[in-house]
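**Q** Quick note on this note's numbering: the sequence shown kicks off at 1 and runs consecutively. Where a beta carbon is used, it is the ideal one built from N, C-alpha and C, also for glycine. All figures in this text were calculated on a predicted structure; none of them were measured in a lab.
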Amino acid sequence: MSVFTLEVTKEIKLDHDNVRDLYDRFRATTDLKQKATLANTLVREMAIHGDAEDLSVYNDYSAIGLGDAAAHNKEDHAEIKRLIETAAKTSFDHPQFTAVIERAVTTFLTHAKEEEDDQHPLIRKNLSAKDSDRLARAFLKVRKLVLAREQPSPGRSGDLAQKIERGQVPVRERLCDTVAGRDLAPLRFAHPDI
1 MSVFTLEVTK EIKLDHDNVR DLYDRFRATT DLKQKATLAN TLVREMAIHG
51 DAEDLSVYND YSAIGLGDAA AHNKEDHAEI KRLIETAAKT SFDHPQFTAV
101 IERAVTTFLT HAKEEEDDQH PLIRKNLSAK DSDRLARAFL KVRKLVLARE
151 QPSPGRSGDL AQKIERGQVP VRERLCDTVA GRDLAPLRFA HPDI
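(1) Quick check on DSSP: helix, strand or coil for Leu32?
(2) If you follow the alpha helix (DSSP H) that Ile80 is part of, which residue opens it and which one closes it?
(3) Taking the C-alpha atoms as reference points, what is the distance between Asp183 and Thr98?
(4) Report the rounded CA-to-CA distance for Arg103 versus Asp31, giving the unit in angstroms.
(5) Once you ignore the five residues that flank Thr41 on each side, which residues in its own chain have a CB closer than 7 Å to its CB?
(6) On the CB-based measure, 16 or more other CB atoms within 10 Å of its CB, does Lys35 come out buried or exposed?
(7) Between the region 86–93 and the region 37–51, do at least 3 Cβ pairs fall closer than 8 Å?
(8) Relative to the C-alpha of Arg20, which residue among Glu114, Asp68, Thr106 and Ala138 is closest?
(9) Give the single residue among Leu66, Lys33, Lys10 and Ala70 whose Cα lies nearest to the Cα of Ser91.
(10) How do the region 131–145 and the region 45–55 stand: do at least 3 beta-carbon pairs fall below 8 Å, yes or no?
(11) Tell me where the alpha helix (DSSP H) around Thr107 begins and ends.
(12) Between which two residues does the alpha helix (DSSP H) harbouring Pro121 extend?
(13) So, under 8 Å CB-CB, Leu147 and Ile48 are touching, yes? Tell me the CB distance rounded to an integer number of Å.
(14) Using three-state DSSP, classify Ile48 as helix, strand or coil.
(15) Taking the alpha-carbon positions, what's the Thr5 to Arg134 distance?
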């Protein structure tokens, strides 16, 4: 088994880059079925990313001098979640479908750029390679749990399980009803399998 070191801002940016790529494809296609598939994938990826950051990365922001940024980011994520929920409920044949998706994505991408430009340099500066690796692995673990829609089972413990049980990841649950059974587009970039 090979051991490799991860860098947390790289893993976060990978999600941002997938949303950018999906959005470029969404805007470029005129095929309605493909547009719907890309919209489903955009909604899903933005929700998973937001939940994964909220439940892992932002917990360490105070320790690296970004406590105020964590609060700001969580406010941004709350707005993005509201927009994602609206997008998830909007029918593909609704006249405002494209506008609703675009508003959610552009809000997400504005937030992503702010993170990348203002916060990621500080994270790289203030985290040791070991701490960055630990945080990246925590982010990917939570992302994988959110992606899998894993539910707590009796006797299961841990912070994520408790947050899921308390309903602190509601968008993911609501999205299960809207994207389940719908087609999803392939992602251009992949996280390492840990």
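**A** In brief:
(1) Here the question's residue 32 lines up with position 32 in the sequence shown. If DSSP states are grouped into helix, strand and coil, Leu32 belongs with the helices.
(2) Locating residue 80 in the sequence shown gives position 80, where the first residue counts as 1. Looking at the DSSP string, the run of the alpha helix (DSSP H) that includes Ile80 is Gly67 to Lys89.
(3) As a working mapping, residue 183 is identified with position 183 in the sequence shown. As a working mapping, residue 98 is identified with position 98 in the sequence shown. Roughly 17 Å separates the two Cα atoms.
(4) Here residue 103 refers to the residue found at position 103 of the sequence shown. Here residue 31 refers to the residue found at position 31 of the sequence shown. Counting only the Cα atoms, Asp31 lies some 20 Å from Arg103.
(5) Residue 41 sits at position 41 when you count from the first residue of the sequence shown. Counting only Cβ-Cβ distances below 7 Å, and skipping sequence neighbours, we find Leu22, Leu184 and Ala185.
(6) Along the sequence shown, read from residue 1 onward, the residue named residue 35 stands at position 35. The residue is buried, with at least 16 neighbouring Cβ atoms inside 10 Å.
(7) The region 86–93 vs the region 37–51: in contact.
(8) Against the sequence shown, residue 20 aligns to sequence position 20. Closest option to Arg20, Cα to Cα, is Thr106.
(9) Sequence index remark: in the sequence shown, residue 91 carries index 91 (1-based). Between Ser91 and the set Leu66, Lys33, Lys10 and Ala70, the nearest pair of CA atoms involves Lys33.
(10) Cβ pair count under 8 Å is three or more, so yes.
(11) Here the question's residue 107 lines up with position 107 in the sequence shown. It spans Phe97 to Glu114 - the alpha helix (DSSP H) in which Thr107 sits, taken as one unbroken run.
(12) Here residue 121 refers to the residue found at position 121 when the sequence shown is read from its first residue. Note, Pro121: alpha helix (DSSP H), His120 to Asn126.
(13) Translated into positions along the sequence shown, residue 147 becomes position 147. Translated into positions along the sequence shown, residue 48 becomes position 48. Between Leu147 and Ile48 the beta-carbon gap is near 5 Å, inside 8 Å, which marks them as a contact.
(14) Translated into the one-based positions of the sequence shown, residue 48 becomes position 48. Helix.
(15) Taking the first residue of the sequence shown as 1, we reach residue 5 at position 5. Taking the first residue of the sequence shown as 1, we reach residue 134 at position 134. If I take the Cα positions, the gap works out to 9 Å.
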